[in-house]
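>
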Amino acid sequence: MAYKPQFKVKATYMRGGTSKGTFFNIADLPEEAKNDPRKRDKLLQRIVGSPDLYKKQIDGMGGATSSTSKAILVGKSDVPNHDVDYYFCQVAIDKDFVDMSGNCGNLSSAVGPFAIHEGLVDNVPENGVCCVRIWQANIKKTILCYVTMENGMVKEMGDYEIDGVAFPAEEIVLEFVEPVDPSEELFPTGNLVDDLEVEGIGTFKATMITAGIPTVFLNANEIGYKGTELQGDINSDEEALERFEKIRIAGALKMGVMKSPEDAVTQQHTPKIAFVSPAQDFTTSSGKEVKAEEMDLHVRALSMQQLHHAMMGTASVAIGVAACIPGTLVNIAAGGGEKSAVTFGHPSGAIKVGATLSKDGDKYIVEKASMSRSARIIMDGNVHVPAGTMD
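Quick note: the sequence shown uses the UniProt record's numbering, first residue 1, plus one each step.
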């Protein structure tokens, strides 16, 4: 058989919030990847370096964590009043699948700068703030990404700091417009708090919400934690991870996010599972001391069956919305009562999130949720792909 050389695909590697991913302009993908989802997934997997039974992604662009095993597709939008379509692909590290059931809120902050960089946004100001109107195609929602322009270029460097990111950058404000459509159920079970029964493990209080990303919230003390845990406290405990996955599946079934436990094999990105606790002093993963008075509550969340090193952006939306609704576990952990924003502690530090809510009778309507992130291009050029990848 004749040797076939590798082929090249134009790509941009970016940080967005506390995540990193490989970005592609849809127009630059090979034709067969544009027209065949199976071939597209094979291409993205090989570029990221999956599936890798060694869980290292040594032979690809991924960083062997849920925060870095990501591919993003962006193209000009046909949706009225939107600039670009954005497809988020969570690439499993050691398993053979790509999960497109949800969004990445952190990388949403990089979509705006990338779209401008690629010339996909019209009427970009020379100076000032450009609002990039993003259609999140996975979940069919609108995201407004406010990007600062300076002398015709995206301003990347600034003094805005994010816990979990080593260097400061320019602030990017994100607004998630109607993260839950008024026709959809914000609380799929109809309750602010449920008794979630998990076979062989126990019954726990749970708030299950669909804002940002479907999320199951538990009380830390009910599952044996303080709520100030870091990654090493949980990710090295295989028994704990198995227990969390069983709880996640039970919550998913009760929410209607999964139809059967078997769905969990290929649906690991959604729902998320998180646990909350009242504000308390803690030491971050970098050794920084954070006092209870600097926050309203603690939240820890798992992504792709691992405790996240900071907090997923979409889960931050769920936290912000749940915290602003009196009676949820998140709201109670934050002290209860009416709120428009909260600051929550996570393994790397703390972050502020907010939500604008209204009511239609007894039903809560989420008008928008907001948070700030930052983003920058790390590199761009061509990624080399072995021949036969999409066969």
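Each residue gets a CB set at the ideal place from its N, CA and C atoms; glycine is no exception.
Every value quoted in this text rests on a predicted model; they were computed, and no experiment measured them.
Please classify I332 as buried or exposed, where buried requires at least 16 neighbouring CB atoms within 10 angstroms.
Flag for I332 reads buried.
> Since F97 is in the beta strand (DSSP E), which residue starts that stretch and which ends it?
It is not in any beta strand (DSSP E) - F97 carries neither H nor E in the DSSP assignment.
> Given 8 angstroms as the limit, is there contact between the stretch 126-136 and the stretch 334-352, that is, 3 or more CB pairs closer than that?
Touching, no.
> Report the partner residues of Q231 according to the DSSP bridge assignment.
Answer is none; Q231 lacks a bridge partner.
> Determine the extent of the beta strand (DSSP E) in which T343 is found, giving its start and end residues.
Start and end: A341 to H346.
> Short of 7 angstroms in beta carbon distance, which residues of its chain neighbour M379, apart from the five on each side in sequence? Order them along the chain.
Y13, listed in sequence order.
> What are the boundary residues of the alpha helix (DSSP H) that D41 is part of?
Where D41 is concerned, the enclosing alpha helix (DSSP H) stretches over P37 to V48.
> Who are the Cβ neighbours of V276 in its own chain at under 7 angstroms, not counting the five residues just before and after it?
Excluding sequence neighbours, V276 sits near F217, N219, A220, G227, L297, H298, V299, L329, V330 and A333.
> Under 7 angstroms, do K4 and A387 count as touching if we go by C-beta distance?
Yes, the pair counts as a contact, with Cβ atoms nearer than the cut-off.
> May I ask you to list the residues that DSSP assigns as paired with Q90?
Note: Q90 sits in a beta bridge opposite K70 and D99.
> Any idea which residues DSSP pairs V216 with across the strands?
Bridge partners of V216: M208 and I273.
> What are the boundary residues of the beta strand (DSSP E) that S372 is part of?
K363 to R373 is the extent of the beta strand (DSSP E) around S372.
> What residues match up with V330 in a beta bridge as DSSP calls it?
Beta-bridge pairing links V330 to no other residue.
> Closer than 6 angstroms by C-beta to P51: which residues in its own chain qualify, once you throw out the five before and the five after it? Chain order, please.
These residues qualify, in order along the chain: D94, K95 and D96.
> Starting from the C-beta of H81, find all residues in its chain whose C-beta is less than 7 angstroms away, skip the five residues before and the five after it, and write them out in chain order.
Going by the sequence as given, residue 81 is Asn instead of His. Contacts found: R133.
> Terminal residues of the continuous alpha helix (DSSP H) containing M258?
That residue, M258, is in no alpha helix (DSSP H); it is neither H nor E in DSSP.
> What is the DSSP secondary structure of V192, reduced to helix, strand or coil?
The identity of residue 192 in the sequence shown is Leu, whereas the question assumes Val. Three-state DSSP puts L192 in coil, outside helix and strand.
> Residue range of the alpha helix (DSSP H) that F114 falls in?
Taken as a continuous stretch (DSSP letters only), the alpha helix (DSSP H) holding F114 covers G105 to H117.
> Report buried or exposed for M157, applying the criterion of at least 16 other Cβ atoms within 10 angstroms of its Cβ.
Result: exposed.
> Over the uninterrupted alpha helix (DSSP H) stretch that includes T314, give me the two end residues.
Run containing T314: G313 to A323, per the alpha helix (DSSP H) assignment.
> Suppose you measure from the CA of V177 to the CA of D78; what does that come to, to the nearest Å?
Distance between the alpha carbons of V177 and D78 is about 18 angstroms.
> Can you tell which of V124, Q136 and N382 has the C-alpha that lies nearest to the C-alpha of M153?
Nearest option by C-alpha distance: V124.
> Which partner residues does M61 have in the DSSP bridge list?
Paired residues: none, contrary to the question.
> Quick one: is Q268 buried, meaning 16 or more other Cβ sit within 10 Å of its Cβ, or exposed?
That one is buried.
> Determine the direct distance from the alpha carbon of L253 to that of Q6, and round the result to whole angstroms.
So the two alpha carbons sit approximately 43 angstroms from each other.
> In chain order, what residues of the same chain lie with their CB nearer than 8 angstroms to the CB of M47, ignoring the 5 residues before and after it?
For the record, residue 47 in the displayed sequence is Ile; it is not Met. The answer, listed in chain order, is V9, A11, T22, G60, M61, A71, V383 and V385.
> Hey, how far is the Cα of residue 413 from the Cα of K20?
Nothing about residue 413 can be read from this structure; the chain reaches only from 1 to 391.
> Could you compute how far the alpha carbon of N235 sits from the alpha carbon of V147?
C-alpha separation (whole angstroms): 35 angstroms.
> Rounded to the nearest angstrom, how far is the Cβ of M295 from that of G336, given a contact under 8 angstroms?
Actually they are not in contact, since the Cβ atoms of M295 and G336 sit about 15 angstroms apart, beyond 8 angstroms.
> Does D195 pass the burial test, meaning 16 or more other C-beta atoms within 10 Å, or should it be called exposed?
Exposed.
> Can you tell me whether L151 is buried or exposed, with buried defined as 16 or more other CB within 10 angstroms of its CB?
Note on identity: in this sequence residue 151 is Asn, with Leu being the wrong assignment. It counts as exposed.
> What ranges does the beta strand (DSSP E) occupy inside the stretch 108-171, keeping only unbroken runs of at least 3 residues that lie completely in it?
With a minimum length of 3 residues, the continuous beta strand (DSSP E) runs that stay inside the stretch 108-171 are 128-136 and 141-150.
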